[in-house]
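Rendered as structure tokens:
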């Protein structure tokens, strides 16, 4: 962490556990505001009243597989199709970050990418991942940091924090530029 976080407040506009973990690893203290609440408050005067030296950090992630953008799977069947597709192959993860200074209105954002290469993933492992239910809550049904997924990751070209949903270097850069 290169900035003095006591000089400002951070709101993480995401309910993602991985993004919480990454921002904590970066050394920041923050409050969490779910995406739906952030969207509602952005259009009200209340957000401006509470905007004293506050940075809102939002992020989004998609997986690109064979040229097709994949967001969160809409069903267990789609999650199974996604993960089976990655088995023995690769997928690209594209993540974006937007930091908004709620006091000044200044916004800084960017994107990062990483490639993930997989060994063959057995059907039993895919079934277990899907039965846990988390695959419906993550882009492309892919949770790299899951203990059942990790043994089948051959390589990551880029950073794991990008794959997990909040690229550290990009986030830090956007924070500094938004201040």
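In full-length UniProt numbering, the protein residues as written are 1 to 179. Virtual Cβ for every residue (Gly too), placed ideally from N, Cα, C. All values derive from a computational prediction rather than experimental measurement.
Query	Result
For residue 32, the residue or residues it bridges with in DSSP	12
Residue 34 to residue 172 span [Cα, whole Å]	21 Å
Reduced DSSP category for residue 54 - H, G, I as helix; E, B as strand; rest coil	strand
Pairwise C-alpha distance: residue 19 and residue 45	With a pLDDT of only 49 at residue 45, under the threshold of 50, the placement of this residue in the model should not be trusted; the figure read from the coordinates follows. Roughly 27 Å separates the two Cα atoms.
Cβ-Cβ separation, residue 95 to residue 111 (assumed contact under 8 Å), whole Å	7 Å
Residue 93 in three-state terms, based on DSSP	strand
Runs of alpha helix (DSSP H) lying entirely within the stretch 122-174, each at least 4 residues, in chain order	123-132, 160-164
contact_flag[the stretch 145-153, the stretch 115-124] where n(CB pairs < 8 Å) is 3 or more	yes
Nearest residue (CA-CA) to residue 27, options 16, 10, 73	10
Which of helix, strand or coil DSSP assigns to residue 177	helix
As assigned by DSSP and simplified to three states, the class of residue 85	helix
Buried/exposed call for residue 157, threshold 16 Cβ in 10 Å	exposed
Proximity of residue 136 and residue 116 at Cβ, strictly below 8 Å	no
Given residue 62 as reference, the closest of 53, 55, 97 once Cα atoms are compared	97
Beta-ladder partner(s) of residue 120, from DSSP	For residue 120, which the question treats as bridged, DSSP gives no partner whatsoever.
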